[in-house]
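Letter by letter, the sequence shown follows residues 0 to 399 in numbering that gives the first Met the number 0.
Glycine included, C-beta positions come from ideal geometry on N, C-alpha and C.
For clarity, every value in this text was computed on a predicted model and none was experimentally measured.
These notes are about the structure you will find just below.
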Amino acid sequence: MTAKDNSHYTEAWLRHVRGLSVDIGPRGSTTGEERRGAEYCQSALDQAGLAARMESFTSARSIYLPHLLAAGMMLVAFVVYPLAGRVSAGIAALIVLVSLISELLELGFRDNVFRWLVPKAPSQNVVATVEPAGEHRRDLVFVGHIDSHRTPLVFSTPRWVSVYQTFTTVAFVLFLLQAILYILGTITQWAWIWPASIPSAVGALLLAAMCLQADRTPYSAGANDNATGAGLVLTLGGHLQAEPLQHTRVWLVCTGCEEVQHYGAIDFFRRHRAEFHNPVAVVFELMGCAGPAWLTQEGIVVPFHADKDLVALAEQLSAAHPEWGAYPTQITGGNTEMADALRAGIPAMAFMGLGPNGETPYWHTAEDTLDKMEPEVMERAYAFVWAYAQALDAGAAQPG
Numbered sequence: 000m001t002a003k004d005n006s007h008y009t010e011a012w013l014r015h016v017r018g019l020s021v022d023i024g025p026r027g028s029t030t031g032e033e034r035r036g037a038e039y040c041q042s043a044l045d046q047a048g049l050a051a052r053m054e055s056f057t058s059a060r061s062i063y064l065p066h067l068l069a070a071g072m073m074l075v076a077f078v079v080y081p082l083a084g085r086v087s088a089g090i091a092a093l094i095v096l097v098s099l100i101s102e103l104l105e106l107g108f109r110d111n112v113f114r115w116l117v118p119k120a121p122s123q124n125v126v127a128t129v130e131p132a133g134e135h136r137r138d139l140v141f142v143g144h145i146d147s148h149r150t151p152l153v154f155s156t157p158r159w160v161s162v163y164q165t166f167t168t169v170a171f172v173l174f175l176l177q178a179i180l181y182i183l184g185t186i187t188q189w190a191w192i193w194p195a196s197i198p199s200a201v202g203a204l205l206l207a208a209m210c211l212q213a214d215r216t217p218y219s220a221g222a223n224d225n226a227t228g229a230g231l232v233l234t235l236g237g238h239l240q241a242e243p244l245q246h247t248r249v250w251l252v253c254t255g256c257e258e259v260q261h262y263g264a265i266d267f268f269r270r271h272r273a274e275f276h277n278p279v280a281v282v283f284e285l286m287g288c289a290g291p292a293w294l295t296q297e298g299i300v301v302p303f304h305a306d307k308d309l310v311a312l313a314e315q316l317s318a319a320h321p322e323w324g325a326y327p328t329q330i331t332g333g334n335t336e337m338a339d340a341l342r343a344g345i346p347a348m349a350f351m352g353l354g355p356n357g358e359t360p361y362w363h364t365a366e367d368t369l370d371k372m373e374p375e376v377m378e379r380a381y382a383f384v385w386a387y388a389q390a391l392d393a394g395a396a397q398p399g
């Protein structure tokens, strides 16, 4: 498919981006505006002739509060350590271990103490399916999230993003060293242990300041991140309803609460995993300004790798269609919902519009608005995604 062939779908895609990012605007996780975004997605799929449904779940309201709790526990441990010899050292070591393990589990999207403690609120996913024209041999899950992020200082410029990505790794290493030091100090009572943990306390203070500042900023309009992802799911729904794949049932999933550690995607895959047959998942993020590109790896401390066969298919199609200008990329300091599919045991890959050098256009900034979208980029991306779906379907048609 050429860019000219799919211009009608690109126009529809842009209308959905407008509907979400302008007509509704900022869509913070668990807010009324996120709910309106879900209602928009359900209506768009219904108008395309698909029976869309909402699926409710409960989510954390902030992505930053768990990390603020981690920083606070590290500071409490620093204060407690020297108070009563071996006893307080042991208590401090336990506090650090609980915090460190919970932080690691949080970064891996797993249940932990912080998830038990943070305030929750209701949210929702929007889900529809398109049945294949012929025998059902595969499930393909398309995912794009509805909600938009806050606009913290650490995302305000490329330099700040680089500082943030480095700091998250440094902070984790400092917290790990603090745990080792306090365990060693509990055993040995060496006097130098507590002063040696001062850098970790400083790191905790900086992390706390970052989280407090971030959670007080406005939400982004979220045109690129991620009205483009949800809008692409809606556009593909209309296209597939007119031209269903032959052997692939397609799930169209517009998720809530991606921006607070993926509660929507986690709920979807947990709820529907047993229904899938030979599944693969394809996730859409930041599709309006750069690319098209596909992720090979993502993660904050905990890495997630795209399925190698899905990556190979992207490489094959890109080589066959140089006019798309597609390329591989990876992200540090962030995750897509690819991670949730992979954790559910589903081969997954993400299309994400990063620049050739890993730039993330307008990521979590107030400048993420409709006027930044590039129709020519979106046309090439749509051609790539549609061809990718057809290639997956052709693979499902092969014997064995």
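Within the stretch 306-383, the complete beta strand (DSSP E) runs of at least 3 residues fall at 326-329 and 347-351. H276 is classed as exposed because its beta carbon has fewer than 16 other beta carbons within 10 Å across all chains shown. Rounded to the nearest whole angstrom, the C-alpha separation of A132 and Q245 is 5 Å. For R269, the number of other beta carbons within 10 angstroms of its own is below 16, and it is reported as exposed. A check of alpha carbon separations from P151 across L96, Y63 and G71 identifies Y63 as the nearest.
V169 and H238 have their C-alpha atoms some 46 Å from each other.
Closest option to L341, judged by alpha-carbon separation, among V79, R158, H261 and Q389: H261. Take W250, set aside five residues on each side of it, and the residues of its chain with a beta-carbon closer than 6 Å to its own are T128 and V140, in chain order. Closest in C-alpha terms to G324, from the list N223, S161 and F383, comes F383.
DSSP places E134 outside both helix and strand once states are collapsed to three, so it counts as coil. In the same chain as L176, and ignoring 5 residues on each side of it, the C-beta atoms closer than 7 Å to its own belong to S199, in chain order. Judged by DSSP secondary structure, G230 falls outside any beta strand (DSSP E) and instead within the alpha helix (DSSP H) spanning T227 to A241. By the Cβ-count criterion, D110 is exposed, with fewer than 16 other Cβ atoms from all chains shown falling within 10 Å of its own Cβ. As a beta-bridge residue in DSSP terms, I299 pairs with V301.
A check of alpha carbon separations from F267 across A343, S219 and P327 identifies A343 as the nearest. W159 carries a helical assignment under DSSP once its states are collapsed to helix, strand and coil. DSSP, read as helix, strand or coil, puts M209 in helix. One thing to note: V281 has its Cβ no nearer than 9 Å to the Cβ of A195. Closest in alpha carbon position to D370, among G184, L116, R85 and V16, is V16.
Taking the Cα positions, V232 is about 46 Å away from I179. Contact annotation: A43 and G18 have beta-carbon atoms nearer than 9 Å. Contact between the stretch 52-61 and the stretch 182-194 is absent: fewer than three C-beta pairs spanning the two stretches fall below 8 Å. Under DSSP, F154 takes part in no beta bridge, so it has no partner. When W293, L68 and A386 are compared, the shortest CA-CA separation from G357 is found for W293. Counting the other CB atoms within 10 Å of its CB gives G332 a total of 16 or more, which places it among the buried residues. The alpha-carbon of L104 is positioned some 43 Å away from that of S6. In the three-state scheme derived from DSSP, where H, G and I count as helix and E and B as strand, T167 is classed as helix. From the listed residues D392, E378, L391 and V97, the smallest Cα separation to T9 is found for E378.
Inclusion of L285 and G230 in the CB contact set at 9 Å is not warranted, their separation being larger than that value.
When rounded, the separation of the alpha-carbon atoms in A213 and A69 is 16 Å. Beta-bridge annotation (DSSP): C253 is paired with V125 and G143. Residue pairing by DSSP puts E54 in a beta bridge opposite N124. Under the three-state reduction of DSSP, L294 is assigned to strand. In the structure shown, the three-state DSSP call for P118 is coil.
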